[in-house]
Structures are given as structure tokens and as C-alpha cells.
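Just remember that the working numbering sits 13 ahead of the position in the sequence shown, which is counted from 1. All C-beta atoms in this analysis are idealised placements derived from N, C-alpha and C, irrespective of residue type, glycine included. Nothing here was measured: the structure is a model prediction, and the numbers come from that model.
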Amino acid sequence: MTNSRMHAAIALGSALIVGAFVAFLPPVPPASAQSHAQRICREQGVSPRSDGYEFCLSQATRALQWGEPALARSFARVTVDARDACLGAGLQPQTAGFSACIDRETYARGLMVHAEAPPKYGPQIADHP
Numbered sequence: 014m015t016n017s018r019m020h021a022a023i024a025l026g027s028a029l030i031v032g033a034f035v036a037f038l039p040p041v042p043p044a045s046a047q048s049h050a051q052r053i054c055r056e057q058g059v060s061p062r063s064d065g066y067e068f069c070l071s072q073a074t075r076a077l078q079w080g081e082p083a084l085a086r087s088f089a090r091v092t093v094d095a096r097d098a099c100l101g102a103g104l105q106p107q108t109a110g111f112s113a114c115i116d117r118e119t120y121a122r123g124l125m126v127h128a129e130a131p132p133k134y135g136p137q138i139a140d141h142p
């Protein structure tokens, strides 16, 4: 066997071994709805230490579980708008008044997001035997 044939055999054998190794690796799981919601909240400027983060995370996670990424972004935006409104009212972050304001504002603005979202109809009960 010549030197070039030996190198070709080594290269082919190595490629087959690597291919077999990659074929049996477990698939990479998709990102969970919660981790995706965390990313959406951070992108909108809602940090984990800020008031309203739990609202953003819970509503965005639920929207992603429903398959509505645009709705998830809307709820993240609601949190930012609520925080801006409370700051504009002169309330100081990390106070009880600020937290109460965030709760009221996110609730009211969240209702508006739900009201503006077009309804999605699934299979009707009457359509089933």
C-alpha cells in the first residue's frame, strides 16, 4: 500500500467514526417557553431584579405556550410601559407604592392587550360527534 492510499484510508476511517459518533448524539432540545420568555423580557428592558418582571415572565411564558410570540412581546412591552407610567407619576422604584402602581398598570394594560388581540377559534364542541 502506498503512502497516499494509507492517508486516504485513515481519512475515510476517521470520517466514518466521526459520522457514527454524531449520528448517535442526542438531539439538542428546543428552548423552553420560560427561557424564551426570559429572553423576550430582557430584550424589552425588563431585568429580573425590577418590579414587574414576574408579570412579564408569567404572561410571556403563557403566550408562548399558546403559540403566540407576538402576544408575548406585547406583554413584555406592557411591563415597560407600566414602569414608565409609574416613574412618570413620581414614584420611586423598590417602594410599596411603586409595586402597587406596577400591579395596577400591568393589570389594566394587560386587559387592553387581550382586548386588542384577535380571537382565535379552535375546534367547536358542536362540530364533534
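My assumption, with CB atoms under 8 Å, is that residue i sits in contact with residue j. Please give the rounded CB distance.
i, j, result
"R10", "S63", "The structure shown does not extend to residue 10, since the chain is modelled only from 14 to 142, so the question has no answer here."
"T74", "A50", "4 Å"
"V91", "T108", "Their Cβ separation, rounded to whole angstroms, is 21 Å, which puts V91 and T108 out of contact at 8 Å."
"A44", "Q78", "Wrong, their Cβ atoms sit about 13 Å apart, outside the cutoff."
Does DSSP put residue i in a helix, in a strand, or in coil?
i, result
"D97", "helix"
"T15", "coil"
"F37", "coil"
"G32", "helix"
"A89", "helix"
"S45", "coil"
Measure the C-alpha to C-alpha separation of residue i and residue j and round it to an integer number of angstroms.
i, j, result
"S27", "N16", "17 Å"
"S87", "V93", "10 Å"
"V10", "A76", "Outside the modelled stretch of the chain, which goes from 14 to 142, sits residue 10, for which no answer is possible."
"R52", "F68", "14 Å"
"A83", "P61", "21 Å"
"I10", "C99", "With the chain covering only 14 through 142, there is no way to say anything about residue 10."
"C56", "A85", "Before going further, note that residue 56 is Glu rather than Cys in the sequence given. If you take the alpha carbons of E56 and A85, they lie about 12 Å apart."
"A128", "A121", "11 Å"
"G123", "G32", "50 Å"
"S48", "A36", "27 Å"
Short of 7 Å in beta carbon distance, which residues of its chain neighbour residue i, apart from the five on each side in sequence? Order them along the chain.
i, result
"S112", "D64"
Ends of the alpha helix (DSSP H) at residue i?
i, result
"D116", "109 to 129"
"V59", "Note, V59: premise wrong, no alpha helix (DSSP H); not H, not E."
"Q72", "66 to 78"
Apart from the five residues on each side of it in sequence, which residues of its chain come closer than 6 Å, Cβ to Cβ, to residue i?
i, result
"G8", "This structure cannot speak to residue 8, because the chain is shown only from 14 to 142."
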